[in-house]
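Engineer:
Protein chains: 2
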Amino acid sequence: MSATMRDVARLAKVSIKTVSNVVNDYPHIRPETRARVEAAIEALGYRPNLSARGLRSGRTRVIGLAVPELRQNYFAELADSVIAAAEERQLSVVVGQHGGDRERETAILREGLRHTDGLLFSPERLGQEDQELFEVDYPLVLLGERIFGAPADHVAMHNTSAAQAAVEHLIERGRRRIALVGAHPDGRLGQVRPSDLRLAGYRRALTEADIPLDPTLERPVAPWHPQNGVDATRELIASGVEFDAVFALNDTLALGVLRALAEAGIAVPDQVAVIGFDNIDDGRFTVPSLSTVDTGRDDIAALAVAMLAERIENGTAAQPARLVKTDFRIVARESTGTFEADPTDVGD
Amino acid sequence: MSATMRDVARLAKVSIKTVSNVVNDYPHIRPETRARVEAAIEALGYRPNLSARGLRSGRTRVIGLAVPELRQNYFAELADSVIAAAEERQLSVVVGQHGGDRERETAILREGLRHTDGLLFSPERLGQEDQELFEVDYPLVLLGERIFGAPADHVAMHNTSAAQAAVEHLIERGRRRIALVGAHPDGRLGQVRPSDLRLAGYRRALTEADIPLDPTLERPVAPWHPQNGVDATRELIASGVEFDAVFALNDTLALGVLRALAEAGIAVPDQVAVIGFDNIDDGRFTVPSLSTVDTGRDDIAALAVAMLAERIENGTAAQPARLVKTDFRIVARESTGTFEADPTDVGD
DNA sequence: GCAGCGATATACAACGTTGTAGAGTCGGCG
DNA sequence: CGCCGACTCTACAACGTTGTATATCGCTGC
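Protein chains in written order, with the numbering used here: chain A, 14 to 361; chain B, 14 to 361.
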């Protein structure tokens, strides 16, 4: 069907290898020969067969990205950044979704994503107790979460201290009865899922401020969908427990929290302040705009792609597993009582 | 490094081809032989090399999806659906972003996405006048937009009638001064970009209701980002022109419209009704929730994957280019004055 | 004048898989 | 009893590319 090097070679009256050399910018080719080959390539519309190249070289130049779901804004934005970072290195990205399903997470880890040289994996249900699943024989970089002992590189965020900073931001604004929306149920001791780490940061902030912990303020939500944020907030309100702030464990949940508070006629931030986590784009446009924690998503993507590319290049065993944590910063917007200084833009 | 069929064959004491037959479920194999091969596969952790298989078969079982940007919710949700639909057919999806950049759109079309058997392409800048670019030699399905004369399958939406229905929805609710946010500038006659088609629907609805067109109500915005929706709405308000409704050409813009109206203290829907287009998930959780048009995104994804798979199977020339348009429906929410009936859920 | 080198080009093999052709065995049927 | 077909398995070639080895030429330096 489409032209091969053989066809090009025939037309240009050179050997197949010479065509290959032209395509790969091998230096020692006479300009005239090169021109003839290039003309033939152009004439035939030749494009290299990447399966053959992949077979020969053992590399496909495709990487995998596995996330829970693209429809969660955070992951869409993460994928956006990953694809952009990969493109700079001439890598393609196959995207897979596991939907936070243990089976599917496990299956993806076991098989890798098909056709790829390595995998960027953002776990949801899998955690510390699944350590051995992460011992795979291909290059793997874990995103967002840390699995202790797993022999894979990690690009993590400062879940705990960033969460702590978010809650401190609320405390600084005089809030004392701070609800948390998004704890994961079925937690076991020593868990390190993002929800557990952020919960730990929440508790640490309160403890250090001498505010007593109140279990009725910690609302479990899974999965982190806005509707579940709505439901949890409605329950919180209905429970009659007093609160003057909500820390939503991610922005997606926070959208639901804002919605439920509005429905109940509770003013934000006057009666209840709200802060989220992740800094998704949409948070700039809610009413009120959403304070949040920026966890360095673009940096995570760029670093992760760089680490993966390096592992692919140098082999999995070249050096021990590395851990990078990106910087975070509080993004103060209207939902915690901070108003924008710049009237020409809603944003951070 | 990793085991090949040769290794498996050696261990199981059979020929390479027999291993291949086992892997591919060839029926005539003695149960005992099959068991021995499967044991060897298990023992060696053998997994087929897809580059080799792709080279041999001429198929990679990977398809490409090219969208403007994943961070636009609509495209993230579309990609989500496409990946899910592809997975049912055991296809992987490479995602590329062109950012609405003409050069990059053109480059993707010319090259296809690397390693793929076919491409799902969602154009933004390219349109009718670029018809010849869509004459490619690989299976191609265009999403959302129709390029007349291009020899490619299309899965389009009823842009014009859906937009007309959205505006009629506003008219039915007594609105007469309906602003439009999101027209694309530099329009030429006969353009069929989504923005042009939706604009046409808007005008048709007004004309049929004997409402005069007013150019000052048609606000250009490009690209369709929420911030640009904010800006356009601020300008609309500042211009002093009277309006009692806004039709945003997509939901992403509508988020910005809602935000700008809230900033200006304009009540939605009491003073100004707002309707969007696309039915992204987030629209259920805005305050007020966003009325919109559901354009059958899941159907688009499923149909497009099916059509592409069929083209890959049967060849590009098997039948002439097909055009499918998905059904649409108005989703009435609070922003046009419709309140939810079901108190347990925010949504449609 | 020739060894040696760089420039240029080629032939061949190999990457791991699967389609084709065919060999061998066995049971059943005429 | 002999043949046919179904079953089971194998050898070989080919998919398109690139690494390695090699051939040829012209030039440089001694």
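Even for Gly, the Cβ is constructed at its ideal location relative to N, Cα and C.
Distance check for Asp150(B) and Arg324(A), CA to CA, integer angstroms please.
Structural biologist: Sequence index remark: in the first sequence, residue 324(A) carries index 311 (1-based). Sequence index remark: in the second sequence, residue 150(B) carries index 137 (1-based). Taking the straight line joining both Cα atoms gives about 36 Å.
Engineer: What ranges does the alpha helix (DSSP H) occupy inside the region 176–203 of chain A, keeping only unbroken runs of at least 4 residues that lie completely in it?
Structural biologist: Counting whole runs of 4 or more residues, the region 176–203 of chain A contains no alpha helix (DSSP H) stretch at all.
Engineer: So, does the CB of Gly269(B) fall closer than 7 Å to a CB anywhere in chain A?
Structural biologist: Residue numbering aside, residue 269(B) sits at position 256 when the second sequence is read from its first letter. Yes, Gly269(B) counts as interfacial toward chain A.
Engineer: With a cut-off of 8 Å on the beta carbons, I'd call Ile224(A) and Arg272(A) a contact; round off their distance for me.
Structural biologist: If you number the first sequence from 1, residue 224(A) lands on position 211. If you number the first sequence from 1, residue 272(A) lands on position 259. About 27 Å separates the two Cβ atoms, so there is no contact after all.
Engineer: Going by C-alpha distance, which of Thr173(A), Gly309(A), Pro236(A), Glu185(A) is nearest Arg217(A)?
Structural biologist: One-based indexing of the first sequence puts residue 217(A) at position 204. When only C-alpha atoms are compared, the closest one is Thr173(A).
Engineer: Using 8 Å for Cβ pairs, my map puts Leu78(A) next to Ala92(A). What's the rounded Cβ distance?
Structural biologist: As a position in the first sequence, residue 78(A) is number 65, starting the count at 1. As a position in the first sequence, residue 92(A) is number 79, starting the count at 1. Yes, they are in contact, since the Cβ atoms of Leu78(A) and Ala92(A) sit about 6 Å apart, within 8 Å.
Engineer: For Phe260(B) and chain A, any beta-carbon pair shorter than 7 Å?
Structural biologist: Counting from 1 along the second sequence, the entry for residue 260(B) is found at position 247. Answer no: the Cβ-Cβ gap between Phe260(B) and chain A never drops below 7 Å.
Engineer: Phe290(B) and Asp264(B) look like a contact to me (Cβ under 8 Å); what is the Cβ gap, rounded to whole Å?
Structural biologist: Here residue 290(B) corresponds to residue number 277 of the second sequence, with the count starting at 1. Here residue 264(B) corresponds to residue number 251 of the second sequence, with the count starting at 1. Correct: roughly 6 Å between the Cβ atoms.
Engineer: What are the boundary residues of the beta strand (DSSP E) that includes Asp166(A)?
Structural biologist: Translated into the one-based positions of the first sequence, residue 166(A) becomes position 153. Residues 166–170.
Engineer: Specify the secondary structure class of Phe134(B) as computed by DSSP and reduced to three states.
Structural biologist: Indexing the second sequence from 1 puts residue 134(B) at position 121. Phe134(B) falls in the strand class under three-state DSSP.
Engineer: The beta strand (DSSP E) with Asp244(B) in it runs from where to where?
Structural biologist: Within the second sequence, numbered from 1, the residue matching residue 244(B) stands at position 231. Run containing Asp244(B): none in the beta strand (DSSP E); it sits in the alpha helix (DSSP H), 239–251.
Engineer: Give a yes or no on whether the C-beta atoms belonging to Leu335(A) and Asp130(A) are separated by under 7 Å.
Structural biologist: Sequence index remark: in the first sequence, residue 335(A) carries index 322 (1-based). Sequence index remark: in the first sequence, residue 130(A) carries index 117 (1-based). Rather than Leu, the amino acid found at residue 335(A) in this sequence is Arg. Their beta carbons are not under 7 Å apart, which means Arg335(A) does not touch Asp130(A) by this criterion.
Engineer: Cβ of Phe147(B) less than 7 Å from any chain A Cβ?
Structural biologist: Along the second sequence, read from residue 1 onward, the residue named residue 147(B) stands at position 134. It does not; no Cβ of chain A falls within 7 Å.
Engineer: Opposite Gln110(B) in the DSSP bridges: which residues?
Structural biologist: As a working mapping, residue 110(B) is identified with position 97 in the second sequence. Paired residue(s): Val80(B).
Engineer: Roughly how many whole angstroms lie between the Cα atoms of Ala345(A) and His128(A)?
Structural biologist: Translated into positions along the first sequence, residue 345(A) becomes position 332. Translated into positions along the first sequence, residue 128(A) becomes position 115. Approximately 43 Å, taken between the alpha carbons.
Engineer: Under the rule that 16 or more other beta-carbon atoms within 10 Å means buried, what is Arg159(B), buried or exposed?
Structural biologist: Locating residue 159(B) in the second sequence gives position 146, counting from the first residue. By the neighbour-count rule (16 or more Cβ atoms within 10 Å), Arg159(B) is buried.
Engineer: Please report the straight-line C-alpha distance between Arg286(B) and Thr229(B), rounded to a whole angstrom.
Structural biologist: What you label residue 286(B) is simply residue 273 of the second sequence in a count that begins at 1. What you label residue 229(B) is simply residue 216 of the second sequence in a count that begins at 1. It is worth fixing the name first, because residue 286(B) is Ala in this sequence and not Arg. One C-alpha to the other measures close to 18 Å.
Engineer: Taking the alpha-carbon positions, what's the Arg74(A) to Glu45(B) distance?
Structural biologist: Position 61 of the first sequence, counting from 1, holds the residue named residue 74(A). Position 32 of the second sequence, counting from 1, holds the residue named residue 45(B). Taking the straight line from one Cα to the other gives about 39 Å.
Engineer: Against chain B, with Cβ distances strictly below 7 Å, would Ser33(A) count as a contact?
Structural biologist: For the purposes of this step, residue 33(A) is taken as residue 20 along the first sequence, with counting starting at 1. False, the Cβ-Cβ gap to chain B never drops below 7 Å.
Engineer: Please list the partners that Arg272(A) has in chain B, where partner means a Cβ-to-Cβ separation under 9 Å.
Structural biologist: Start at 1 with the first residue of the first sequence, and residue 272(A) comes out as number 259. Near Arg272(A) (Cβ distances below 9 Å), the residues of chain B are Arg297, Phe298, Thr299, Val300, Ser302, Val359.
Engineer: So with CB distances below 9 Å, who are the chain B contacts of Thr308(A)?
Structural biologist: Sequence index remark: in the first sequence, residue 308(A) carries index 295 (1-based). Those within 9 Å of Thr308(A) in chain B number zero; the least Cβ separation is about 16 Å.
Engineer: Out of Gly350(A), Val318(A), Arg69(A), Leu183(A), which one is the CA nearest neighbour of Leu133(A)?
Structural biologist: Within the first sequence, the letter at position 120 stands for residue 133(A). The option with the nearest alpha carbon to Leu133(A) is Val318(A).
Engineer: Alpha carbons only, please: which of Leu83(A), Ile343(A), Glu347(A) is nearest the one belonging to Val180(A)?
Structural biologist: Here residue 180(A) corresponds to residue number 167 of the first sequence, with the count starting at 1. Looking at the Cα atoms, Ile343(A) is the closest of the given residues.
Engineer: When DSSP builds the beta bridges, which residues end up paired with Lys338(B)?
Structural biologist: Here residue 338(B) refers to the residue found at position 325 of the second sequence. According to DSSP, Lys338(B) bridges with Ala169(B).
Engineer: For Pro81(A), which residues in the same chain have their Cβ closer than 8 Å to its Cβ, ignoring the five residues on either side in sequence?
Structural biologist: Counting from 1 along the first sequence, the entry for residue 81(A) is found at position 68. Taken in chain order, the residues that qualify are Phe88, Gln110, His111, Gly112, Gly113, Ser135, Glu137, Pro236.
Engineer: With 16 other CB atoms within 10 Å as the buried threshold, where does Gly195(B) fall?
Structural biologist: If you number the second sequence from 1, residue 195(B) lands on position 182. It counts as buried.
Engineer: Would DSSP call Leu226(A) helix, strand or coil?
Structural biologist: On the first sequence, position 213 is the one that residue 226(A) refers to. Coil.
Engineer: Identify the continuous beta strand (DSSP E) that holds Ile288(A) and give its terminal residues.
Structural biologist: Reading the first sequence from its first residue, position 275 is the one you call residue 288(A). Note, Ile288(A): beta strand (DSSP E), 286–288.
Engineer: Buried or exposed for Asp358(A), going by 16 or more other Cβ atoms inside 10 Å?
Structural biologist: Position 345 of the first sequence, counted from the start, is the residue given in the question as residue 358(A). With a pLDDT of 41 at Asp358(A), under the threshold of 50, the modelled position of this residue cannot be trusted, and the question is left open.
Engineer: Quick check on Leu316(A): does DSSP put it in helix, strand or coil?
Structural biologist: Counting from 1 along the first sequence, the entry for residue 316(A) is found at position 303. DSSP places Leu316(A) in helix when its eight states are reduced to three.
Engineer: Please state whether DSSP places Asp364(A) in a helix, a strand or coil.
Structural biologist: The requested residue 364(A) is not part of the displayed model; chain A covers only 14 to 361.
Engineer: At the level of alpha carbons, what is the spacing between Tyr215(A) and Arg232(A)?
Structural biologist: Mapped onto the first sequence, residue 215(A) falls at position 202. Mapped onto the first sequence, residue 232(A) falls at position 219. Near 12 Å, if we compare the C-alpha coordinates of Arg232(A) and Tyr215(A).
Engineer: Reducing DSSP to helix, strand and coil, say where Glu9(A) ends up.
Structural biologist: Summary: the structure shown does not reach residue 9(A), with chain A confined to residues 14 through 361, and so no result is reported for it.
Engineer: Going along the region 244–255 of chain B in order, which residues come within less than 7 Å of chain A, judged by CB to CB distance?
Structural biologist: Hits within the stretch: zero.
Engineer: Measure from the C-beta of Asp20(B) to each C-beta in chain A and report whether the shortest distance is under 7 Å.
Structural biologist: Numbered from its first residue, the second sequence carries residue 20(B) at position 7. With 7 Å as the cut-off, Asp20(B) does not count as an interface residue toward chain A.
Engineer: Where does the unbroken alpha helix (DSSP H) through Ala92(A) begin, and where does it stop?
Structural biologist: Locating residue 92(A) in the first sequence gives position 79, where the first residue counts as 1. Ala92(A) -> alpha helix (DSSP H) spans 86–101.
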